[in-house]
Every structure is written in structure tokens, then in C-alpha cells.
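J.: Chains A and B are the protein sequences, given in the same order.
Using the working numbering, read the first sequence as starting at 510 and increasing by one per residue.
Using the working numbering, read the second sequence as starting at 510 and increasing by one per residue.
Backbone N, C-alpha and C fix where the C-beta goes; we use that ideal spot for every residue, glycine too.
Number of protein chains: 2
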Amino acid sequence: MIGNFTYHTPTKMYFGKDCIKDLPEVLKKYGKNVLLTYGGGSIKKMGLYGRVKDLLKDFNIVELSGIEPNPKYDPSVIGGARLCKENDIDVILAVGGGSVLDCSKAIAACALYEGEGWDLISGKVKAKAALPIVDIITLAATGSEYDMGCVISNTAINDKRGYLDELLYPAESFLDPEYTFSVNAWQTACGTADAINHVLEQFFADPHSTFNDGVMISALRSLMENVKIALKKPDDYAARSELMYVCSWGCNGILANGAGYSGWPMHSIEHALSAYFDITHGAGLAIITPRWMKEILSEKTVERFVTLGIGLFGFDKSLPDAEMAEKVIEAFYTFFESIGIPMHLGELGVKAEKTEEMADHILKYDSTNEPWMFAPLGRDALIRILTASM
Amino acid sequence: MIGNFTYHTPTKMYFGKDCIKDLPEVLKKYGKNVLLTYGGGSIKKMGLYGRVKDLLKDFNIVELSGIEPNPKYDPSVIGGARLCKENDIDVILAVGGGSVLDCSKAIAACALYEGEGWDLISGKVKAKAALPIVDIITLAATGSEYDMGCVISNTAINDKRGYLDELLYPAESFLDPEYTFSVNAWQTACGTADAINHVLEQFFADPHSTFNDGVMISALRSLMENVKIALKKPDDYAARSELMYVCSWGCNGILANGAGYSGWPMHSIEHALSAYFDITHGAGLAIITPRWMKEILSEKTVERFVTLGIGLFGFDKSLPDAEMAEKVIEAFYTFFESIGIPMHLGELGVKAEKTEEMADHILKYDSTNEPWMFAPLGRDALIRILTASM
Chain A
510 MIGNFTYHTP TKMYFGKDCI KDLPEVLKKY GKNVLLTYGG GSIKKMGLYG
560 RVKDLLKDFN IVELSGIEPN PKYDPSVIGG ARLCKENDID VILAVGGGSV
610 LDCSKAIAAC ALYEGEGWDL ISGKVKAKAA LPIVDIITLA ATGSEYDMGC
660 VISNTAINDK RGYLDELLYP AESFLDPEYT FSVNAWQTAC GTADAINHVL
710 EQFFADPHST FNDGVMISAL RSLMENVKIA LKKPDDYAAR SELMYVCSWG
760 CNGILANGAG YSGWPMHSIE HALSAYFDIT HGAGLAIITP RWMKEILSEK
810 TVERFVTLGI GLFGFDKSLP DAEMAEKVIE AFYTFFESIG IPMHLGELGV
860 KAEKTEEMAD HILKYDSTNE PWMFAPLGRD ALIRILTASM
Chain B
510 MIGNFTYHTP TKMYFGKDCI KDLPEVLKKY GKNVLLTYGG GSIKKMGLYG
560 RVKDLLKDFN IVELSGIEPN PKYDPSVIGG ARLCKENDID VILAVGGGSV
610 LDCSKAIAAC ALYEGEGWDL ISGKVKAKAA LPIVDIITLA ATGSEYDMGC
660 VISNTAINDK RGYLDELLYP AESFLDPEYT FSVNAWQTAC GTADAINHVL
710 EQFFADPHST FNDGVMISAL RSLMENVKIA LKKPDDYAAR SELMYVCSWG
760 CNGILANGAG YSGWPMHSIE HALSAYFDIT HGAGLAIITP RWMKEILSEK
810 TVERFVTLGI GLFGFDKSLP DAEMAEKVIE AFYTFFESIG IPMHLGELGV
860 KAEKTEEMAD HILKYDSTNE PWMFAPLGRD ALIRILTASM
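1) Excluding the five sequence neighbours on either side, which residues of its own chain have a C-beta within less than 6 Å of the C-beta of LYS541 (chain B), listed in chain order?
2) Taking only beta-carbon positions, decide if THR719 (chain A) is within less than 8 Å of chain B.
3) Taking three-plus beta-carbon pairs below 8 Å as touching, is the stretch 627-644 of chain B in contact with the stretch 729-741 of chain B?
4) Please say whether VAL859 (chain B) and PHE786 (chain B) have beta carbons closer to each other than 8 Å?
5) Alpha carbon to alpha carbon, how far is ASN596 (chain A) from GLU577 (chain A)?
6) Would you report the Cα separation of SER827 (chain A) and LYS836 (chain A), rounded to the nearest angstrom?
7) What residues in the stretch 518-545 of chain A bring their beta carbon closer than 7 Å to a beta carbon of chain B?
8) Straight-line CA distance for ASN579 (chain B) to ASP644 (chain B)?
9) With DSSP as the reference, identify every bridge partner of SER662 (chain A), one or two as the case may be.
10) Quick one: any contact between the stretch 673-683 of chain B and the stretch 699-711 of chain A, if contact means 3 or more CB pairs under 8 Å?
11) Within 10 angstroms of its Cβ, does LYS873 (chain B) collect 16 or more other Cβ (buried), or is it exposed?
12) Residues bridged to ALA544 (chain A) by DSSP?
13) By the criterion of Cβ-Cβ separation under 8 Å, what are the contact partners of GLU751 (chain B) in chain A?
14) Does the beta carbon of ARG560 (chain B) sit closer than 8 Å to a beta carbon anywhere in chain A?
15) Going by C-alpha distance, which of B:LYS594, B:LYS669, B:ILE805 and B:TRP695 is nearest TRP627 (chain B)?
16) Please state whether DSSP places ILE645 (chain B) in a helix, a strand or coil.
17) Ignore the nearest five residues each way along the sequence and tell me which others in CYS958 (chain A)'s own chain have a CB closer than 6 Å to its CB.
18) Taking 8 Å as the threshold, find out whether the stretch 816-834 of chain A comes into contact with the stretch 742-761 of chain A through three or more Cβ pairs.
19) Give me the chain A residues within the contact set of VAL755 (chain B), using Cβ-Cβ distance strictly less than 7 Å, ordered along the chain.
20) Please list the partners that SER731 (chain A) has in chain B, where partner means a Cβ-to-Cβ separation under 8 Å.
21) Please confirm whether ALA792 (chain A) and CYS699 (chain A) have their CB atoms less than 8 Å apart.
22) Consider the Cβ of TYR582 (chain B): report whether some Cβ of chain A lies at a distance smaller than 8 Å.
23) Compare the beta carbon distance of ALA694 (chain A) and MET725 (chain A) with 8 Å and say whether it is the shorter of the two.
24) If we call anything under 8 Å between Cβ atoms a contact, is THR546 (chain B) one with SER613 (chain B)?
25) Please list, in chain order, the residues of the stretch 763-788 of chain B that have any C-beta partner in chain A closer than 9 Å.
26) What's the gap between the Cα of GLY550 (chain B) and the Cα of TYR558 (chain B)?
27) If you compare alpha carbons, which of A:ALA615, A:ILE601 and A:THR518 is closest to PRO584 (chain A)?
28) Compute the Euclidean distance between the alpha carbons of SER898 (chain A) and ILE778 (chain A), then round it to the nearest angstrom.
29) From B:ASP599, B:ASP563, B:LYS566 and B:GLY606, pick the residue whose C-alpha is nearest to that of SER574 (chain B); which is it?
30) Relative to the C-alpha of LEU891 (chain A), which candidate in A:GLY818, A:ILE797 and A:PHE822 has its C-alpha closest?
31) Since GLY759 (chain B) contacts ALA704 (chain B) with CB under 8 Å, what's their CB separation in whole angstroms?
32) Scan the stretch 749-819 of chain A and note each continuous beta strand (DSSP E) run of 3 residues or more that stays entirely inside, going in chain order.
33) If you reduce the DSSP assignment to three classes, tell me which class GLU879 (chain B) lands in.
34) Can you tell me the Cα-Cα spacing of MET802 (chain A) and HIS853 (chain B), whole angstroms?
35) Measuring only between beta-carbons, confirm whether ILE819 (chain A) sits less than 8 Å from chain B.
36) Would you tell me roughly how many angstroms separate the C-alpha atoms of THR877 (chain B) and ILE871 (chain B), rounded to the nearest one?
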């Protein structure tokens, strides 16, 4: 069944080889003054920075560089918003991965807000407006180029928040798979793991439908097949193009319109991990996934595992449900291991002694234990998942 | 591989039970003067007309009723455009099936054009603006509620044109599956056949991708399973909701972004059939489908049949390709027959003596024989398909 929903993704997507040639035409609709945001030197190394500057020679460009992974409210968001105000910025052009774009979304809202920006990000105040955002995405992962969300860390208070607002949809997104050729194996694996998790967070829900199930299984199949190809041959255009496109569907709701909302519990857990230990988001998710699956496996949820077992992995339909579920969990563990993700949090520097504190943090800042959830997680369950993941 | 594409569907979709309660809030953004368009009496019989009038008691409503299936340029489009001009209409509210909405889209463009409206529809002139369109769709079929196209017949010159323009996307679409409970068996079957054909027109293309293939196979599975349920139990909400949602994805490109463009040859053929004999669009498509498949089956295209055979029908992977293709063609024939569609054009009143004239008409008004097509169809091929379908 398709339940009630509202869906609206106004973002215009340009996809393919050299699609950014249309950038000047697109940007000039919004104005002359552009805040160009990016991270480290990777966009310079691959020649993208030069190409963009060249395309935008008739615009006034102000730059905000050095945006970090798990982007920080202070200094990046605060600094970017200040630049916008000081330079009368008309449009933000984000060039980079999901972190650059997430940071730019927060900047877009904070730039037009007079109070403390964290009040918007933490949901205390609703933004009335935001600057338009155009992006050139260089990493297949978060889906930020096609959704209205961003995740911002506030290290001063050990907090990491998902900030959602319709105002934050990019106006136009450019996706050229060739810009992902230089993404290294670790980031390729972690980005794909992130996208896989986005699908799973939506798959484990009720109600669900034949159509959405098939769409999500197709997304998982494409991600799992193509990441293996891209890891072997980083410049395989076909594989990179599928990864990039499928990742873009991760978080705007389109994978599961009308399905129940699961509450995205694995993301709640991972956000605490990243807030405490600044680990790579996708790696954290990959490690948690099979442990979370084991925790929530029950008579109520087993049908979801069976549907994945048959539809995605092609397991024998006649297997008993419980056995099928175990095989699915094992298959995900083995898959993540096979793409190079260490499957224990300790290997990423997470300390077991923080487990209880993190569980309390999750319950305080995220809702993992609501009765409407598909599989609510209380304190004990969270501790079990974290402990098994160490 | 995902090839180059641009994708943008700005339409906001409201889906589910009684979603139209938000109608006044939505409409008032556009203005006070509403052209309410609809077909025959079905929306009155099901109480929808009364509900809409009730919701819109604070608006000025002008009505255009009697819009016909295969909507006509004269009188419907011309008449609607005149009403808009005379009454200073701000927004068009289309209530009904795809034909009502298609007609309303053409009206929206012609209302703001001073010349002969057919010049826009036939592509001679590009529209500069169109009135905003809001719709309440009552038939799961065409996908017009989520695309920028409409199909308009001009009986004076035996022509039927697909008219596409970004200006024609509905601003907001309301989809309540309960309004499809009263759709009779014939229209339910034909609407689903139309949607199935939309998927197939996009599936038979090159390049294609793991992801899009899976999405399209899921759409086909959902349509084929759920139409059988809806035919047995017309008020089955789960089945009607899937049919309605999947149909909405038919024609906006999202099923196959980055795939090759096939040219939609079966639609070209069917448009001639409807122009000459005014048959039901979905029925015509269902009858043509297996004959078209047989015609285009070749070494180049057989992989598409094999992918459908394994993915959709679960046929044995070890079957020889040619045998698999035959089984797929047979499976579609049997399926359409099983949902009550007579599988010969003669049963719908089509006369075999018009075959050659229709083939010439198709080649004149549609491009079925372009070298870039996945499977070009010349005059002989068109005649073979039509003859086999009689």
C-alpha cells in the first residue's frame, strides 16, 4: 500500500559528461554575486576549480574554502553566512562532496537570518528564506544534491544535527560522473555504504509496497554491483554514473513515497559516533548495519528480511524465515567487508567506554524509541548494538 | 550506464485519502478566478464535484464541462481558452482523468497566446507562458498529473499530437486513490495497459542501466499484480493506491533518466489508430504491444526481452534467448487478454482497409523510422504490425 504523502523536489538536475558547460547560463538567473564554497584541494587537483573560475569570469566570486568533512557550525557555517552578508551574495555555488553542500545549505539559511544560526539548525526557529543554492557534486554518497537536508556538527556541545527545510533544496544540481573518477577507494566505499544505508532506513518500514520495494532493491543492487566495478576500475564511466545517479535518490523521499517513516535509527546512532569520534559517516553506518539488523529481527520485521533475501540476494524462497534473515544479515556484513570497510568501530578509533554516554546522547538528541517507529530502540538496545559493533 | 540528461519535475504531489482538503490553501496562492474543467457526470456521481464546489466557496468559478476522451482542439481547447480570456482566469483546476488534464494543459497555453492555438500544439510556435494548473486526478493511467505533456486531437485534419512544454507541468497535483474506486473494469484495464506501455516504451532503449531496469520492472510488476486485484475488488485501497502512484511516473522521464530515447513507437502507431477510429488509447496500445515486440525482436534487441523474462516473469535463466523472447511476448499477450482487453483491433471497430493510409500517416506525423531509434520502423514494418493486430 502507498500511504498518504506529499512529495516535491523542485531541484533541476543536470547529469552527464561536461554538463557544467551550462553553469553560466544557470547562475545568471540568480545574480552576479556568487559565494563559491569548497573543501580542500581536490577540486583544484582535478581541474574543476579552474574550469569553474573560467566559466564564471563574468561573475563576482567570493570564496569559502576549507569546509571539513562532518562540516562544523563554527567556523564554516558562521564564516560562510558572514561572507554572504558582507558581500551581498545572490547565490551559493557549492563544489565538492556532501559535506560542502550540507555546509552551504546551512549557510544559505543562516545568511538571511539575523539571530544565532544554530537556532535554525537545531529547529528552535523556522527560517523564513534562504539563498538559492547551485551545486557541482563530486562524490556519490549523501544525496544532498537532491534533498532538503543537511547535517551540521556543533563541536562545542558535541552535537550533530540533521536540519531539514524545503528552503534548502538546491535550485539546480550538476552531476558529472567523471568528477568522481578521482575519489579514492575508501571514500568510494564509504559513500556507497552511506547510500546503501539510506535505502535500508526506508526499506525497513510499514506500510510498504510492491513498487517501492522493487525500486529500493534495484537501488541496492545497482550500488552493490557498481561499487565493486568502480573499486577495480576507478574511471569506469558506466559504474560511476550509476553510483552517482542512485546516490542522488537517497534522501528526498522518492524511494519510498507513502511508506511508513522508520525514524532513520541507524543514522541516529551514527550521528552520535561521528559527534564523539569524528569517524567517516558511511563507515560508521556500514559497521552498525548488520548489528542493527540482528537487534531488530523479530516476528514483525522478518518479512522485510525475507523480501530482501529473495529480491536482492536471490536466496531460495523455501528457506525458513529466520534462516533467510540470518543469511541477509551475513550477506550485508560480508559485502561491506569485501569493499574494504573494517567492520569494528574500534578500528576507527571509537572507544568502548563511551558506549553508555553515546546511548544516552542518542536518546536525548534523536528519537529512536518512539512508539510509532517500525522498530523502536531503547537504551539497552542501543547499548547492545554499539557493543556488538565495537 | 546512465547517459546525459536533464531532469526537472517541479510539480508538487499530494497523495492519499482526502488529500484534497488542502485545495483552498493551495489554490489561493494563484488567485481568485478559477476555471474548473471536467468531463461528463462521473465526478458528480462520486460526489467529488460537490466536494470541490464546497471547498472553493470563496473563489470565482467558471466551468468548462463535457471534455471528451481523446480531447479535441475544437471545441474543447478553443472553448476553454476563450473562457480564460473572457473571465480573467488565474488558475485552471482540472478534475477528472488524463483527457481532462491534457485538455486543460493545452488550454493553459492557448489562454495566454493571441494567435491560433494549434500552432502551439503542433510545435510551430513555442509558448512564452501558460496559466498555472492544479489537478485532482480520478483515473490511474496517463501520468499527465506528473508530466509536461498532453495529447490533443484535431479531427478536422485527422491529426493527434503530443504537445510537450515545461510550462505545462501541473503546479500541484492531488491523487486520492478512493476517487478511482468507481472506475469501471474496462477503464481500469485500459488505464493500466497505457501505463504498462509507458514503461515498455522506455525499457526498450539503449543505453540502459541496472538501476532503471529494476525500477521499470518493479513498475511493471506492481501494475500487473495490482490491476488484477482492483478488477476483482474495485475498492481495494492498497491496489488502487499502487496503480495510481505507479501510473504517475509514466511519462516524466524519471523511469529512465539517462537511458536512450526510443521515440515511443507504439504511441506513434496508436495515435494514428485513435485519430482514425477514436478507439480507447490503452486498448490500442495493449493490442499493438505483442505485435510490435515480435516485429522488433532481433539480435540487437533480444537482451531487453531476456532481462524482462528473468526479472519480471521469473523465467528460467538457462532458456535460449530467442525462446525467452517468445515467452515474454506471449506473456504480455496473455496478460492483456486476462484483464479483459480484446486482442484484435477489428473488435474495436478498426478497419483493415485503412492500414496503408495509417502507416503513411504515422510516417508523416511521427518519426518512427529515424536512424537514432532503438528499433526504427519503416512503412513495411508498420503495415506488418497493424496487419498482425487486426
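T.: Quick answer:
1) By one-based count along the second sequence, residue 541 (chain B) stands at place 32. In its chain, beyond the 5 residues on either side, PHE568 and ASN569 have a beta carbon closer than 6 Å to the beta carbon of LYS541 (chain B).
2) What you label residue 719 (chain A) is simply residue 210 of the first sequence in a count that begins at 1. With 8 Å as the cut-off, THR719 (chain A) counts as an interface residue toward chain B.
3) Flag = no, the stretch 627-644 of chain B and the stretch 729-741 of chain B do not touch.
4) Taking the second sequence and counting its residues from 1, one reaches residue 786 (chain B) at position 277. Taking the second sequence and counting its residues from 1, one reaches residue 859 (chain B) at position 350. Cβ atoms of PHE786 (chain B) and VAL859 (chain B): closer than 8 Å.
5) Stepping through the first sequence from its first residue, residue 596 (chain A) is reached at position 87. Stepping through the first sequence from its first residue, residue 577 (chain A) is reached at position 68. Approximately 23 Å, taken between the alpha carbons.
6) Counted from its first residue, the first sequence places residue 827 (chain A) at position 318. Counted from its first residue, the first sequence places residue 836 (chain A) at position 327. Whole-angstrom Cα-Cα distance: 13 Å.
7) Correct list: PRO519, LYS521, MET522, TYR523, PHE524, GLY525, LYS526 and CYS528.
8) Counting from one through the second sequence, the residue named residue 579 (chain B) turns up at place 70. Counting from one through the second sequence, the residue named residue 644 (chain B) turns up at place 135. Distance from the CA atom of ASN579 (chain B) to the CA atom of ASP644 (chain B), rounded to whole angstroms, is 18 Å.
9) Residue 662 (chain A) sits at position 153 when you count from the first residue of the first sequence. The partner list for SER662 (chain A) (beta bridge, DSSP) reads A:LYS581 and A:LYS669.
10) In short, these stretches do not touch, since the Cβ pair count stays below three.
11) On the second sequence, residue 873 (chain B) is found 364 positions in, with the first residue counted as 1. Label assigned to LYS873 (chain B): exposed.
12) Position 35 of the first sequence, counting from 1, holds the residue named residue 544 (chain A). Ala is not the amino acid found at residue 544 (chain A); the sequence shown has Leu there. As computed with DSSP, LEU544 (chain A) is found in a beta bridge with A:VAL571 and A:ILE601.
13) Locating residue 751 (chain B) in the second sequence gives position 242, counting from the first residue. Under the 8 Å cutoff, chain A gives MET510, ILE511, SER718, THR719 and PHE720.
14) In the second sequence, counting from the first residue as 1, residue 560 (chain B) sits at position 51. ARG560 (chain B) has a beta carbon lying at 8 Å or more from every beta carbon in chain A.
15) Locating residue 627 (chain B) in the second sequence gives position 118, counting from the first residue. Checked all of B:LYS594, B:LYS669, B:ILE805 and B:TRP695; the closest Cα to TRP627 (chain B) is B:LYS669.
16) If you number the second sequence from 1, residue 645 (chain B) lands on position 136. For ILE645 (chain B), the secondary structure class from DSSP, reduced to helix, strand or coil, is strand.
17) This structure cannot settle anything about residue 958 (chain A), because the visible part of chain A is limited to 510 through 899.
18) Contact fails between the stretch 816-834 of chain A and the stretch 742-761 of chain A, because fewer than three Cβ pairs, one in each stretch, are under 8 Å apart.
19) By one-based count along the second sequence, residue 755 (chain B) stands at place 246. For VAL755 (chain B), the C-beta contacts it makes with chain A under 7 Å involve PHE720, in order along the chain.
20) Numbered from 1 along the first sequence, position 222 holds the residue referred to as residue 731 (chain A). Near SER731 (chain A) (Cβ distances below 8 Å), the residues of chain B are SER718, THR719, PHE720 and GLY723.
21) Within the first sequence, numbered from 1, the residue matching residue 792 (chain A) stands at position 283. Within the first sequence, numbered from 1, the residue matching residue 699 (chain A) stands at position 190. Yes. Within cutoff.
22) Here residue 582 (chain B) is taken as the residue at index 73 of the second sequence, counted from 1. It does not; no Cβ of chain A falls within 8 Å.
23) Indexing the first sequence from 1 puts residue 694 (chain A) at position 185. Indexing the first sequence from 1 puts residue 725 (chain A) at position 216. Between ALA694 (chain A) and MET725 (chain A), the C-beta spacing is not below 8 Å.
24) Taking the first residue of the second sequence as 1, we reach residue 546 (chain B) at position 37. Taking the first residue of the second sequence as 1, we reach residue 613 (chain B) at position 104. Cβ atoms of THR546 (chain B) and SER613 (chain B): closer than 8 Å.
25) Cβ contacts with chain A come from ILE763, ASN766 and GLY767.
26) Stepping through the second sequence from its first residue, residue 550 (chain B) is reached at position 41. Stepping through the second sequence from its first residue, residue 558 (chain B) is reached at position 49. In this structure, the straight-line span from the alpha carbon of GLY550 (chain B) to that of TYR558 (chain B) is close to 9 Å.
27) For the purposes of this step, residue 584 (chain A) is taken as the residue at position 75 of the first sequence. Considering only alpha carbons, the answer is A:ALA615.
28) Translated into positions along the first sequence, residue 898 (chain A) becomes position 389. Translated into positions along the first sequence, residue 778 (chain A) becomes position 269. Roughly 11 Å separates the two Cα atoms.
29) As a first step, residue 574 (chain B) is located in the second sequence; it is residue number 65 there, counting from the start. Of the residues B:ASP599, B:ASP563, B:LYS566 and B:GLY606, the one whose Cα lies closest to the Cα of SER574 (chain B) is B:GLY606.
30) Position 382 of the first sequence holds residue 891 (chain A). The residue among A:GLY818, A:ILE797 and A:PHE822 with its C-alpha nearest the C-alpha of LEU891 (chain A) is A:ILE797.
31) For the purposes of this step, residue 759 (chain B) is taken as residue 250 along the second sequence, with counting starting at 1. For the purposes of this step, residue 704 (chain B) is taken as residue 195 along the second sequence, with counting starting at 1. Cβ-Cβ separation between GLY759 (chain B) and ALA704 (chain B): approximately 5 Å, consistent with a contact (criterion under 8 Å).
32) Counting whole runs of 3 or more residues, the stretch 749-819 of chain A contains no beta strand (DSSP E) stretch at all.
33) Residue mapping note: residue 879 (chain B) aligns to position 370 of the second sequence, counting from 1. Coil at GLU879 (chain B), not helix or strand.
34) Mapped onto the first sequence, residue 802 (chain A) falls at position 293. Mapped onto the second sequence, residue 853 (chain B) falls at position 344. Rounded to whole angstroms, MET802 (chain A) to HIS853 (chain B) spans 52 Å at the Cα level.
35) Counting from 1 along the first sequence, the entry for residue 819 (chain A) is found at position 310. Closer than 8 Å: no.
36) Looking up residue 877 (chain B) in the second sequence gives position 368. Looking up residue 871 (chain B) in the second sequence gives position 362. Cα to Cα, THR877 (chain B) sits roughly 7 Å from ILE871 (chain B).
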